[in-house]
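In what follows, a single structure is set out as structure tokens and then discussed.
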Amino acid sequence: MRGTSMADIGSYNERLVLQMIRAAPKGISQSQVVRGSGLSRQTVSLIAHRLLRDGLIEAAGQRISGPGKPTTILRTVADSRWTIGLHVDPAHLTVVLCDLQGEAVDSTTLAAPTEDASADLERIVAEIERLLAVHDATPIHALPDLLPGHSGGAEEQAMEDPPRRVVLGIGVAAPAPLDVAAGVIRTPPWLPGWHQMPLAERLETATGLPVLLDKDTNAALTGEIWAGHLSAEQTVLYLYLSHGAGSAVSVDGRVHRGGSTQAGEIGHLPLGIADERCRCGRYGCLNLFTDARRMVERATSAGAEISPDDLPGAVDALAAAARRGDAAALRAVEAHVDAVAAALDILARIHDPQRIIVGGPMLAALGPLAAPQIRARTADWLEDAGCSLHFSELGNAAGAIGAACLFLEEELSPRRGMSARARRRA
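Heads up: the sequence shown is residues 4 to 429, going by our numbering.
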């Protein structure tokens with residue numbers, strides 16, 4: 004059975020109120036919700052009553068501000084609804100469970116994707132089933148009689164004992180190119196065994212849960228926004244460093260995806276810092292310096308001794324060699340850092356962000372070496388631009404956490420209905 008999702012949050016107004024409460028992790032007064040939403044006090048009161056009854060929010064005391072009656076403080080019940088996040092990265096497969104606030108409850112890193120996508124999918128489904136069992140979490144389609152909206156005893160039972168740890172669905176992050184409307188991974192260069200993989204459909208069939216597919220950079224930025232409760236007024240530029248480099252931008256709290264969700268493909272961004280020719284025919288493309296395989300090849304051809312055959316292992320060995328002071332490895336890392344700094348300069352001039360975040364598995368591997376150098380190389384123009392630079396604290400799970408947050412965002416957003424998953428089901 005293909006699962007439903009948030010059937011108990013049906014209307015625009017309900018999602019608007021819940022999203023406002025969720026965005027205030029320390030709680031928000033009912034009066035603040037009235038002022039911020041533009042809804043009437045009676046409407047907010049009725050919606051809050053329903054959300055309280057369904058276990059999605061809870062009263063967290065009262066606040067007195069000026070004359071009049073104290074106002075009730077509302078906050079989300081984080082473990083009332085969960086989502087699953089999956090990141091299909093060339094370096095690893097990551098599965099996380101996230102709560103209603105987008106916080107990771109548990110996560111697992113599996114071995115890297117192989118040439119056999121079907122076998123990889125079996126590993127993923129088995130891990131999802133294990134995590135749900137360990138945490139006594141229940142897929143939403145397994146609780147139809149407990150969900151509000153049903154008549155008789157079920158409604159009364161929901162009021163007395165609202166369901167907890169109900170898993171709404173699965174968000175999936177993967178490298179481009181993708182057909183997000185169809186839920187298909189197309190032809191990402193680092194995942195040859197996954198080409199033309201109808202991942203959303205197959206994962207839905209295997210788990211019974213609805214699935215949302217999006218690009219890994221979009222997911223990672225969404226995770227950063229949710230985890231950091233970033234201001235929607237900020238323009239945020241995110242640079243994701245993995246086997247390749249990608250970017251994402253959010254404006255007014257929404258990630259810009261472009262016409263086909265391919266925005267942010269910057270591998271062929273010309274940096275003008277070398278005369279090496281790219282396979283695209285141009286010179287000095289970003290991927291010549293940031294792609295993991297090229298970094299390893301540059302270091303080994305210059306004499307670095309890096310033995311692992313698998314690319315993730317080779318990147319770790321390169322980082323270890325650089326930390327030991329190996330000259331060839333250090334030059335490869337420095338070329339990477341120079342390219343990243345140059346790309347950030349160009350992208351910042353294009354997007355004019357107030358905040359820049361750099362993250363991804365490559366940053367995690369090279370962080371102690373690369374992060375200080377990136378900060379030093381960008382310090383002058385960052386100060387002039389009034390922009391701040393941050394390094395992700397979500398680690399290698401950033402893509403998976405972001406994928407889970409993408410699913411939550413779709414379910415909670417008052418703009419729901421125009422998502423890739425909605426279009427695919429239409």
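Note that the Cβ used here is the ideal one computed from N, Cα and C, for glycine as well.
The structure presented is a predicted model; accordingly, all values stated were derived computationally and were not measured.
**Q.** Exposure of His144, with buried meaning 16 or more beta-carbon neighbours within 10 Å
**A.** On the sequence shown, position 141 is the one that residue 144 refers to. That one is buried.
Q. Who are the Cβ neighbours of Leu415 in its own chain at under 7 Å, not counting the five residues just before and after it?
A. Taking the sequence shown and counting its residues from 1, the one referred to as residue 415 is at position 412. The residues are Arg18, Leu21, Gln22, Arg25.
Q | Residue nearest to Leu202 in terms of C-alpha spacing, selected from Arg189, Arg327, Pro195 | A | Counted from its first residue, the sequence shown places residue 202 at position 199. Closest option to Leu202, Cα to Cα, is Arg189.
Q) Going by alpha carbons, who is nearest to Leu242 out of Ala322, Thr79, Ile360? A) Taking the sequence shown and counting its residues from 1, the one referred to as residue 242 is at position 239. That would be Ile360, whose Cα lies nearest to the Cα of Leu242.
Q) Skipping 5 residues on each side, what residues in its chain have a beta carbon closer than 7 Å to that of His153? A) Here residue 153 is taken as the residue at index 150 of the sequence shown, counted from 1. Reliability of the predicted coordinates at His153 is poor, the pLDDT of 39 falling under 50, and the value obtained from them is presented with this limitation in mind. For His153, where only same-chain residues beyond five positions count, there are no Cβ hits under 7 Å.
**Q.** Any 3 or more C-beta pairs closer than 8 Å across the region 231 to 241 and the region 352 to 367
**A.** yes
Q. In chain order, what residues of the same chain have a beta carbon less than 8 Å from the beta carbon of Gly398, not counting five sequence neighbours either side?
A. Working through the sequence shown from its first residue, we reach residue 398 at position 395. For Gly398, where only same-chain residues beyond five positions count, the Cβ hits under 8 Å are Ala367.
Q: Using the DSSP secondary-structure output, state which residues sit across from Pro180 in a beta bridge.
A: Numbered from 1 along the sequence shown, position 177 holds the residue referred to as residue 180. DSSP output for Pro180 lists no bridge partner at all.
**Q.** Inter-stretch contact at 8 Å, needing at least 3 Cβ pairs: the region 216 to 232 / the region 247 to 256
**A.** yes
Q | Touching by the beta-carbon criterion (3+ pairs, under 8 Å), the region 292 to 305 and the region 334 to 342 | A | yes
Q. Under the three-state reduction of DSSP, which class applies to Ala115: helix, strand or coil?
A. For the purposes of this step, residue 115 is identified with residue 112 of the sequence shown, where counting begins at 1. The answer is coil: DSSP assigns Ala115 none of H, G, I, E or B.
Q) How would you write the range of the alpha helix (DSSP H) that Ala367 sits in, first residue to last? A) As a first step, residue 367 must be located in the sequence shown, where it is residue number 364. From DSSP, the alpha helix (DSSP H) with Ala367 extends over 364 to 388.
Q: Give me the Cα-Cα distance between Asn16 and Ile60, rounded to the nearest whole angstrom.
A: Within the sequence shown, the letter at position 13 stands for residue 16. Within the sequence shown, the letter at position 57 stands for residue 60. Those two C-alpha atoms are separated by around 15 Å.
Q) Does the count of Cβ pairs from the region 379 to 386 and the region 281 to 295 closer than 8 Å reach three? A) no
**Q.** Exposure label - Lys218; buried when at least 16 CB within 10 Å
**A.** Taking the sequence shown and counting its residues from 1, the one referred to as residue 218 is at position 215. Buried.
Q: Would you check if the region 339 to 351 and the region 317 to 327 touch, i.e. whether three or more CB-CB distances between them fall below 8 Å?
A: no
Q) Would the region 84 to 93 and the region 29 to 44 be scored as touching if the rule is three or more Cβ pairs under 8 Å? A) no
Q.
Do Gly270 and Leu289 count as a contact pair if the criterion is CB distance below 7 Å?
A. One-based indexing of the sequence shown puts residue 289 at position 286. One-based indexing of the sequence shown puts residue 270 at position 267. Yes.
(Q) I need the straight-line Cα distance from Arg297 to Pro315, nearest angstrom please. (A) As a first step, residue 297 is located in the sequence shown; it is residue number 294 there, counting from the start. As a first step, residue 315 is located in the sequence shown; it is residue number 312 there, counting from the start. Their Cα atoms are separated by approximately 13 Å.
Q. Using the C-alpha atoms, what's the distance from Leu135 back to Pro371?
A. Counted from its first residue, the sequence shown places residue 371 at position 368. Counted from its first residue, the sequence shown places residue 135 at position 132. Each residue's alpha carbon lies about 35 Å from the other.
Q.
To the nearest angstrom, how far is the alpha carbon of Gln104 from that of Trp229?
A. Translated into positions along the sequence shown, residue 104 becomes position 101. Translated into positions along the sequence shown, residue 229 becomes position 226. About 8 Å.
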